[in-house]
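Below is one structure, written out as structure tokens, with a few remarks after it.
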Amino acid sequence: MRTMDNEMNGFDYYLYGKRLKEATRKSIIKQVQAFKQWVEAEQIPDVTEVSYNDVMAYVKYCTTQNNAQKTIAIKLTFLNHYFMWLIKEGEMNENPVSNIKVQGIRRKKLHHLFTTAELELIYQQYEATRSTGARNRVILGLVVYQSLRMEEITQLTLKDLQLKEGKVHVRGSRKTNSRALKLEAQQMVDLLEYLSNGRKELLEQTGKHTDQLFISSGTGEQLFNTMQYLLKQLRNQHTKVMDWKQLRASVISNWVKVHGLRKAQYMAGHKYVSSTEAYKQHDIDGLRGDIDQFHPIQ
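Quick note: the sequence shown uses this note's numbering, first residue 241, plus one each step.
Shown next, in the form of structure tokens:
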């Protein structure tokens, strides 16, 4: 188990590799330790569970401590180093500070959240041409109906399909719980079409032998380029589409309203209900207020 001292030593070595001076490294580590104390006081289970909402709460906390804009900007820059290191170490997948422009602490506006009807329209209007299009349509369905993350989509195998029950099994990870999610009727039709034709064609074209559900058209196994291309297509067709986070957030927000927190927590695979609470409508509305307040802080 990694101790605090071992962790900071590893982080310090990472900073040293960036050719930062000793005094700068010490300042960064000191700020990270202060932030971790705040995380503990806020009863956030672990620093690797810190979200965008938590970062915004920390910014608010800093303002109550009479920190100047410049000071907050420096603190966020230091934390950015730390979260980038955690990602490099495989401890996190996303950097909660990455979208914060620390110069003036300008922040991206909260994306438009789609209704269930709007999400369904995005899915229905995607035209599946060729084997790759059939694959991409199924992937899109798993995002707009089941809110799956890219790593979860990549990990799906044929054994994870429960076709008789009309469900897909999503394996858990260190940060997420496993769950079985219902597939919509149109998804089942598209999935069976992909399995019967598109997937077989991709296997023949690439010469691959795998039980992975989704086959990349290149030599690798990852779907990053596939997801990026699909997102580009969606942006061209729907001007309000920004990124995959936005689509997943829309799905979970709708789940919370329809099913309540606990069921939405299960469906999203969240280990902690506090993660799901961030998608409650009044929290989202409050978040908009936070963003307006800190865009920029004046």
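Even glycine gets a Cβ: it sits at the ideal position worked out from N, Cα and C.
Nearest residue (CA-CA) to residue i, options the options
i      : options                           : result
Glu329 : Val513, Leu361 and Tyr253         : Tyr253
Lys300 : Lys315, His409 and Gln427         : Lys315
Gln273 : Leu260, Gln283, Thr416 and Val287 : Val287
Thr369 : Asn437, Trp325 and Gly509         : Asn437
Cys302 : Tyr434, Glu331, Gln271 and Glu391 : Gln271
Gln473 : Asp430, Gly373, Arg414 and Glu262 : Gly373
Leu255 : Glu358, Thr317 and Thr466         : Thr317
Asn249 : Lys261, Thr356 and Lys266         : Lys266
Ser371 : Leu435, Leu382, Ile327 and Thr355 : Leu435
Leu382 : Leu453, Arg475 and Gln305         : Leu453
Phe323 : Glu247, Glu444, Ala357 and Lys503 : Glu247
Own chain, CB closer than 8 Å to residue i, minus 5 neighbours either side, in chain order
i      : result
Thr446 : Ile455, Ser456, Ser457, Gly458 and Thr459
Leu501 : Val513, Thr516, Glu517 and Lys520
Tyr298 : Phe275 and Trp278
His499 : Met507
Asp294 : Val279, Glu282, Ile284 and Pro336
Ile195 : Outside the shown range of the chain, which is 241 to 538, sits residue 195, and nothing can be said about it.
Beta-carbon gap between residue i and residue j smaller than 9 Å
i      : j      : result
Met482 : Ile492 : no
Asp451 : Thr394 : no
Ser387 : Trp278 : no
Ile284 : His321 : no
Gln477 : Ile379 : no
Glu433 : Val410 : no
Asn333 : Tyr469 : no
Lys389 : Trp484 : Checking the displayed sequence, the identity of residue 389 turns out to be Arg instead of Lys. Yes.
Lys399 : Leu423 : no
Leu401 : Leu442 : no
Lys415 : Glu289 : yes
Ser490 : Leu319 : no
Exposed unless 16 or more other CB atoms sit within 10 angstroms - verdict on residue i
i      : result
Leu403 : exposed
Ser418 : exposed
Phe464 : exposed
Val384 : buried
Leu487 : buried
Met428 : exposed
Gln505 : buried
Tyr366 : buried
Val342 : Residue placement at Val342 is flagged as unreliable, the pLDDT there being 49, under the threshold of 50; the coordinate-derived value follows with that caveat. So Val342 counts as buried.
Arg439 : buried
Thr311 : exposed
Thr466 : buried
Gly412 : exposed
His510 : buried
Gly257 : exposed
Cβ-based neighbour list, residue i, same chain, cut-off 6 Å, excluding 5 preceding and 5 following
i      : result
Ser338 : none
Tyr292 : Pro336
Phe251 : Trp325
Asp525 : Caution is warranted here: a pLDDT of 49 is assigned to Asp525, below 50, making its placement in the model unreliable, and no coordinate value can be reported.
Ala425 : none
Gln462 : none
Unbroken beta strand (DSSP E) run spanning residue i, endpoints
i      : result
Arg419 : Arg419 to Lys422
Val491 : Counting along the chain, Val491 falls outside any beta strand (DSSP E), though it belongs to the alpha helix (DSSP H) covering Trp484 to His499.
Lys300 : Run containing Lys300: none in the beta strand (DSSP E); it sits in the alpha helix (DSSP H), Tyr292 to Thr304.
Residue i, enclosing alpha helix (DSSP H) - first and last residue
i      : result
His321 : Gln309 to Lys328
Lys276 : Glu262 to Ala281
Val408 : Per DSSP, Val408 belongs to no alpha helix (DSSP H); it is in the beta strand (DSSP E), Lys407 to Val410.
Asp451 : Note, Asp451: premise wrong, no alpha helix (DSSP H); not H, not E.
Val481 : Segment: none, Val481 is in no alpha helix (DSSP H) and carries neither H nor E.
Val383 : Arg370 to Val384
Leu440 : It should be noted that the sequence gives Lys, not Leu, for residue 440. From DSSP, the alpha helix (DSSP H) with Lys440 extends over Arg439 to Thr446.
Met428 : Ala425 to Glu433
Ser515 : Val513 to Glu517
Met390 : Met390 to Gln395
7 Å CB neighbourhood of residue i in its chain, flanking five on each side removed
i      : result
Lys480 : His352
Leu421 : Gln386, Lys407, Val408, Val410 and Met507
Glu448 : Looking at the sequence provided, one finds Lys at residue 448 rather than Glu. Closer than 7 Å at the Cβ level, and outside the excluded window around Lys448, lie Ile455.
C-beta neighbour in chain D for residue i, strict 9 Å
i      : result
Met332 : In the displayed structure, chain D is absent; only one protein chain is listed.
Residue i CB to nearest heavy atom of the ligand FMN below 8 Å
i      : result
Ala357 : With respect to the ligand FMN, the structure offers nothing, as it holds no ligand at all.
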